[in-house]
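*Asks:* Quick one: structure below, then a few questions.
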Amino acid sequence: NAMKKLRDTLESGLQLQEVNVTLNPDTANPHSLKISEDRKSIKVLKGYIHSVLGCQMFSSGQHFWDVIVDGTGGWNVGVTSKPVNFENVYAQTRQWRIWGRDGRY
Numbered sequence: 088n089a090m091k092k093l094r095d096t097l098e099s100g101l102q103l104q105e106v107n108v109t110l111n112p113d114t115a116n117p118h119s120l121k122i123s124e125d126r127k128s129i130k131v132l133k134g135y136i137h138s139v140l141g142c143q144m145f146s147s148g149q150h151f152w153d154v155i156v157d158g159t160g161g162w163n164v165g166v167t168s169k170p171v172n173f174e175n176v177y178a179q180t181r182q183w184r185i186w187g188r189d190g191r192y
């Protein structure tokens with residue numbers, strides 16, 4: 088189970104750094120997402136491309152994010168290997184993601 092492996096990894100005492108993410112509006116589809124003024128949260132407007140990347144970049148280390156998901160049927164959190172634009176976020180880069188749909192991970 089992927090969630091058990093993730094939980095075990097987090098509980099193993101690794102030196103993790105919490106990351107304060109600022110969202111990059113240049114990577115969000117302006118027709119389907121509204122980014123908050125402080126660039127810390129989004130509101131889904133319409134459409135199907137609901138991706139936005141953070142401004143921070145890392146070349147090494149172990150990092151974690153606390154994400155609050157409010158009233159949605161699904162979500163994704165992930166990491167990309169390089170910066171991309173919103174139009175082809177899935178096609179442009181290798182990525183790792185975890186997602187939830189209808190209460191399942």
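Per the numbering used here: the sequence shown ends with 192, consecutive numbering throughout.
All residues carry an ideal CB built from backbone N, CA and C; glycine is no exception.
Just so we're clear, the structure is a prediction, and the values are computed from it rather than from any experiment.
Alpha carbon to alpha carbon, what distance is there between residue 96 and residue 138?
*Replies:* If I take the Cα positions, the gap works out to 27 Å.
*Asks:* On the criterion of 16 or more Cβ atoms from any shown chain inside 10 Å, does residue 132 qualify as buried, or is it exposed?
*Replies:* It counts as exposed.
*Asks:* For residue 122, report the span of its beta strand (DSSP E) as first-last.
*Replies:* Where residue 122 is concerned, the enclosing beta strand (DSSP E) stretches over 120-122.
*Asks:* In angstroms with no decimal places, state the Cα-to-Cα distance between residue 121 and residue 130.
*Replies:* Straight-line Cα distance between these residues: approximately 5 Å.
*Asks:* Hey, how far is the Cα of residue 141 from the Cα of residue 89?
*Replies:* Whole-angstrom Cα-Cα distance: 24 Å.
*Asks:* Taking residue 112 and residue 94 to be in contact with their CB atoms under 8 Å, please state how far apart those CB atoms are, rounded to whole angstroms.
*Replies:* About 33 Å; that fails the 8 Å criterion.
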